[in-house]
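Asks: So the protein lines, in turn, are chains A and B. Here our numbering is used: the first residue of the first sequence is 1, the next is one more, and so on. Here our numbering is used: the first residue of the second sequence is 1, the next is one more, and so on. First the structure, which I've put down as structure tokens, then a few questions once you've had a look.
2 protein chains.
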Amino acid sequence: MSATAFPAAEIPSDTPSPGAHAAVRELLDLLGPVAVMAGADVPARNRNDYSGLLPTEPLAVVRPASTAEVAATLRICHAHGVAVVPQGGLTGLCGGGRAQDGEIALSLERMTGIEEIDPAAATMTLAAGTPLETVQQAADAAGFFCPLDLGARGSCAIGGNLSTNAGGNRVIRYGMAREMVLGLEVVMADGTVVNSLNKMIKNNAGFDLKHLFIGSEGTLGVITRIVLRLFPKPGSRMVAMCACEDYATVLRLLGEARSGLGPLMSAFEVMWPDYWGRAVNELRARNPFAGDDTAYGAYVLIEALGTDPEADLPRFEAWLERLLEQGVVPNAVVAQSLADEQALWGVRDACGELHQTWPGHLAFDIGLPQTAMDHYARACKAELAEKVPGCETVFYGHIGDGNVHIVAYRAGDAEQPKDAVEEVVYGLVQKFGGTVSAEHGIGTLKRRWLGHARSPEQIELMRTLKLALDPKGILNPGKVL
Amino acid sequence: MSATAFPAAEIPSDTPSPGAHAAVRELLDLLGPVAVMAGADVPARNRNDYSGLLPTEPLAVVRPASTAEVAATLRICHAHGVAVVPQGGLTGLCGGGRAQDGEIALSLERMTGIEEIDPAAATMTLAAGTPLETVQQAADAAGFFCPLDLGARGSCAIGGNLSTNAGGNRVIRYGMAREMVLGLEVVMADGTVVNSLNKMIKNNAGFDLKHLFIGSEGTLGVITRIVLRLFPKPGSRMVAMCACEDYATVLRLLGEARSGLGPLMSAFEVMWPDYWGRAVNELRARNPFAGDDTAYGAYVLIEALGTDPEADLPRFEAWLERLLEQGVVPNAVVAQSLADEQALWGVRDACGELHQTWPGHLAFDIGLPQTAMDHYARACKAELAEKVPGCETVFYGHIGDGNVHIVAYRAGDAEQPKDAVEEVVYGLVQKFGGTVSAEHGIGTLKRRWLGHARSPEQIELMRTLKLALDPKGILNPGKVL
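And the structure:
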């Protein structure tokens, strides 16, 4: 990362306001050129996220090295009424970390590192800019497990994971990112530092403040330090792929897995036949049911994490054998090796390769009550066939958590029919009582659909909170609300 | 419960303000005498909680039968600026549900009942006034498990459990009450109904609003309906009592239990020798280590909930056997029957009988990082010996969760030396970075100590939230803040 100085004389002439101009000058004076880069010197990485939108031209990027510098940055920007966009690893999919033209990006990229691991409390205290993979590795080295995991682990920052309340594949067992947090240090819009670096699981002394900042996408405060809860390392892993006759069987299997595997169940991932067919045929994932690849109505990947490397697998197999004998599932495969595990997960993870055959596809991240999912999928396909003829879809997702992903694509279109597909997908979400974002967040991309998932009273309450905590509206303006 | 009418002519002359007088009249006109009782007709149950404080003289109690009636009540009270105190089962220990003289108690006692159990989503939708025991029984009847449990289960209301973010014995596995909630319906101070009855585990569409109301003791809104997450019924239960040489061994055992039992561990309860001696000698709990009752430095009750009634107990015993062989624990007893389980839990639950020998004792509910607990206990005893001579204490608690209970008593005092003991207990909590309430809440009783657990910036942020959501300050005034 270059840290080119931004000489005061070169402040761009299109600076949005005298306040912004003055703020950048003050920030440069205070923090120096290593922390403040403006105009053309703003690095490419700070100009965009993974949303697929065009790069922007932020007024400047500020890269503080400490909480005190974050506080100073916000005090200055608050005084001048300049918009500040907190940035972590910039791997968000909805534009939440993307500074608009003329705004100041506040990047936590220099605030990294593990401060403490407390084995007795099973906690890790760390800086918000730390990459998730570093967190996972540090937990592992200390004999613990950090269950939060997502594809962007090498790039995303833990602070960004919390500000978007990241999900991932293990939510059914460990919860969302929110559930892994015990304490936060947050800098408020006016620069006030609120230190709630609590390490205790139980603390009922006054309001819970951390949940305000988790999942609010940097619009209420900037997360600077974190106390994470760590978990015991699993001693065993069991993975199975189950074929189901239909969606009713999927729900039956979910109930059986809940009672039979109990708290060991760590994933329950469902693939509809449309997804399965593409994954094993076009994307070349290895089909564990070779020769029989379209015979079933749904496919379920089940993972369990146990404590006993010897006894757990036989127990898992016996549980599944019983379901086969009872006819609950007509076919199932249990991984016998790490390679098997990876091959089974490979079918589920093939979604990452959909862009090969469907370049520029539309991706959705909706939530629905489990009973509604298959009805929703049918209704969605029917309505798309009518309103967006030629549009194909695949359905798959973390059904145990109520989260389904949809990928839509119309071959031959120079530009995908985004608005028309969104109208159908989110219109039906509203009808079925679901949510427009189960895990990716709102950012700017889904802002117009927020009202499809939340009531006017809920949105009004969000506005009340925003106004109370950031009365000047300088924190990540235009995001979420 | 009598539902005596409150004739308008009998509105007491000591009505605090013309507004309050008018509000009661309007409420009576709107909701009728079945819902509104005033002055001397306020039932005894609505005049106090379990805090040990004196009964109060509320202006009136309003007992709405629906969310619409709660909303109407708050609209009227808001218009007249009259204080409203939400009441559930009134089993709180800190005065949070106790209406002060001249305030209106808003009791949810008529809003009870399970509306829906969704087996696929594993959720229960219910009214906030429903007693916890009814919730547990309904979950059980539907083949599920509601893990929230506390001594007051027969009397407390689920809405009160959430407004105080109740804890209990199974927090180490299932989390606090907060973690069991998927959705809430809340009535705001001005009567606005905010319906967030979400049933999905993952919902990142905008700010999370439910956590604002959970644990804020009715000061930010009134919880009227709830979506609870249900869990699979455990198929087995294992209970052991372990003796430990010292507190360092307790921490070692906690680490072993985390990795060896994994997510099956449902309780890790520690008793210091001071507690153990009283429990087995004075309170006649059955001593599982008969003849050896003061030989150890700490005693740990471990519970695990599994899925397999046949295989789980032998595995649990094998795990503990290994620890005995390795010398981690010098002595341990595993329950072989339900009677054994009850006897082992009986030692831990003997705390409920401490009042027999220590009538009017002082009870504390603090939280501390696990490593600090034994240091804290020693420091606390030393400082009490110096500053409150003759004061005896016992220590026990949910150490796996960072929560320790202290009971203090000085024999011979007509009135217990509350202020002096609190100074010591909470002063050291501040010094050791703990919390003044791990699970009981703040209410009025611990308000003066809030600053020992939360920073001025945190308290200021709480005030900002209170002002934003309840600008007239009518909701449970004087509680928490």
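Built from N, CA and C at the ideal position, the CB exists for glycine as well.
Tell me, to the nearest whole angstrom, how far the beta carbon of glycine 92(B) is from that of threonine 164(B); I am working on the premise that it is less than 8 Å.
Replies: 6 Å
Asks: Flag this pair as yes or no: are the beta carbons of phenylalanine 364(A) and histidine 405(A) separated by less than 8 Å?
Replies: yes
Asks: Check whether the region 215–234 of chain A and the region 458–476 of chain A are in contact - that is, three or more C-beta pairs closer than 8 Å.
Replies: yes
Asks: On the three-state DSSP scale, how would you describe glycine 402(B)?
Replies: coil
Asks: Please confirm whether lysine 199(A) has its beta-carbon closer than 8 Å to some beta-carbon of chain B.
Replies: So yes, lysine 199(A) belongs to the interface.
Asks: When you compare the CB of arginine 487(B) with every CB in chain A, is at least one pair closer than 8 Å?
Replies: Residue 487(B) lies beyond the residue range present for chain B, which begins at 1 and ends at 481; the question has no answer from this structure.
Asks: What do you get for glycine 159(B), buried or exposed, if any count of 16 or more other CB atoms within 10 angstroms of its CB means buried?
Replies: buried
Asks: Apart from the five residues on each side of it in sequence, which residues of its chain come closer than 6 Å, Cβ to Cβ, to glycine 400(B)?
Replies: Ile172, Phe268
Asks: Cutting at 6 Å between CB atoms, please list the residues of its own chain near tryptophan 276(B), excluding the five before and the five after it.
Replies: Tyr299
Asks: Return the first residue and the last residue of the alpha helix (DSSP H) that alanine 363(B) is part of.
Replies: For alanine 363(B), there is no enclosing alpha helix (DSSP H); the enclosing beta strand (DSSP E) has its first and last residue at 362–367.
Asks: I'd like the span of the beta strand (DSSP E) that includes valine 34(A), first residue to last.
Replies: Bounds of any beta strand (DSSP E) do not take in valine 34(A), whose DSSP letter is neither H nor E.
Asks: For leucine 465(B) and leucine 209(A), what's the separation of their Cα atoms in angstroms?
Replies: 10 Å
Asks: If the criterion is Cβ atoms closer than 8 Å, does the pair glycine 434(A) and glycine 352(A) meet it?
Replies: no
Asks: What does proline 269(A) pair with, by DSSP beta-bridge criteria?
Replies: Proline is not the amino acid found at residue 269(A); the sequence shown has glutamate there. Per DSSP, Leu301(A).
Asks: Where phenylalanine 207(B) and isoleucine 302(A) are concerned, what is the direct C-alpha to C-alpha distance, given to the nearest angstrom?
Replies: Answer to the nearest angstrom: the Cα atoms are 31 Å apart.
Asks: Among Ile214(B), Gly175(B), Asn203(B), which has the Cα closest to the Cα of glutamate 185(B)?
Replies: Ile214(B)
Asks: Alanine 128(A) and isoleucine 226(A) look like a contact to me (Cβ under 8 Å); what is the Cβ gap, rounded to whole Å?
Replies: 6 Å
Asks: How long is the line joining the alpha carbons of threonine 4(B) and valine 36(B), rounded to whole angstroms?
Replies: With a pLDDT of 39 at threonine 4(B), under the threshold of 50, the modelled position of that residue is not reliable, and the figure given next carries that caveat. Rounded to the nearest angstrom, the two C-alpha atoms are 9 Å apart.
Asks: Answer with buried or exposed for leucine 108(B), where buried requires no fewer than 16 other C-beta atoms within 10 angstroms of its C-beta.
Replies: buried
Asks: Starting from the C-beta of glycine 190(B), find all residues in its chain whose C-beta is less than 6 Å away, skip the five residues before and the five after it, and write them out in chain order.
Replies: Correcting the residue identity first, residue 190(B) is aspartate in this sequence and not glycine. If we look at aspartate 190(B) and ignore the five residues flanking it on each side, its Cβ neighbours are His78.
Asks: At which residues does the alpha helix (DSSP H) containing glutamine 87(B) begin and terminate?
Replies: It is not in any alpha helix (DSSP H) - glutamine 87(B) instead sits in the beta strand (DSSP E) that spans 84–87.
Asks: For threonine 123(B) and glutamine 137(B), I'd like the C-alpha separation in whole angstroms.
Replies: Per the coordinates, the alpha-carbon of threonine 123(B) lies some 14 Å from the alpha-carbon of glutamine 137(B).
Asks: Going by beta carbon distance, what residues of the same chain come within less than 8 Å of leucine 230(A), once the five residues before and after it are set aside?
Replies: Here the set comprises Ile117, Ala122, Thr123, Met124, Ala139, Ala142, Phe144, Phe145, Cys146.
Asks: Could you give the first and the last residue of the continuous alpha helix (DSSP H) run that contains phenylalanine 432(B)?
Replies: Counting along the chain, phenylalanine 432(B) falls outside any alpha helix (DSSP H), and DSSP gives it neither H nor E.
Asks: Considering just the uninterrupted stretch of the alpha helix (DSSP H) at phenylalanine 213(B), what are its terminal residues?
Replies: 210–213
Asks: Start and end of the beta strand (DSSP E) containing arginine 45(A)?
Replies: Element bounds for arginine 45(A): n/a, residue is neither H nor E.
Asks: Kindly indicate which three-state DSSP category leucine 337(B) falls into: helix, strand or coil?
Replies: Per the sequence shown, the amino acid found at residue 337(B) is serine instead of leucine. Reduced to three states, the DSSP call for serine 337(B) is coil.
Asks: Give me the subset of the region 430–463 of chain A whose CB atoms are less than 9 Å from a CB atom of chain B, sorted by chain position.
Replies: Legend: CB atoms of the region 430–463 of chain A lying less than 9 Å from CB atoms of chain B belong to residues Gly433, Gly434, Thr435, Val436, Ser437, Ala438, Glu439, His440, Gly441, Ile442, Lys446, Trp449, Leu450, His452, Ala453, Arg454, Ser455, Glu457, Gln458, Ile459, Glu460, Leu461, Met462.
Asks: Roughly how many angstroms separate the alpha carbons of proline 232(A) and valine 135(A), rounded to a whole number?
Replies: Here the alpha carbon of proline 232(A) sits roughly 15 Å from the alpha carbon of valine 135(A).
Asks: By the DSSP assignment, the beta strand (DSSP E) with threonine 123(B) in it spans what residues?
Replies: 123–127
Asks: State whether the region 314–325 of chain B contacts the region 277–286 of chain B, with contact taken as three or more CB pairs (one from each stretch) at a distance under 8 Å.
Replies: No, they do not touch.
Asks: With distances taken from CA atoms, which of Glu310(A), Val347(A), Met176(A), Ala240(A) is nearest asparagine 287(A)?
Replies: Val347(A)
Asks: For a contact defined as C-beta to C-beta under 9 Å, what are the partners of proline 273(A) on chain B?
Replies: Those do not exist, as proline 273(A) stays about 20 Å from chain B at its closest Cβ, beyond 9 Å.
Asks: Sorry if obvious, but does the Cβ on lysine 381(A) come closer than 7 Å to a heavy atom of the ligand HEM?
Replies: Among the components of this structure there are no ligands whatsoever, and the ligand HEM is therefore not found.
Asks: Could you pull the DSSP bridge partners for glycine 183(A) from this structure?
Replies: Val227(A)
Asks: Since glutamine 87(B) meets chain A, which of its residues come closer than 9 Å, beta carbon to beta carbon?
Replies: Within 9 Å Cβ-Cβ: nothing; glutamine 87(B) doesn't reach chain A, min ~19 Å.
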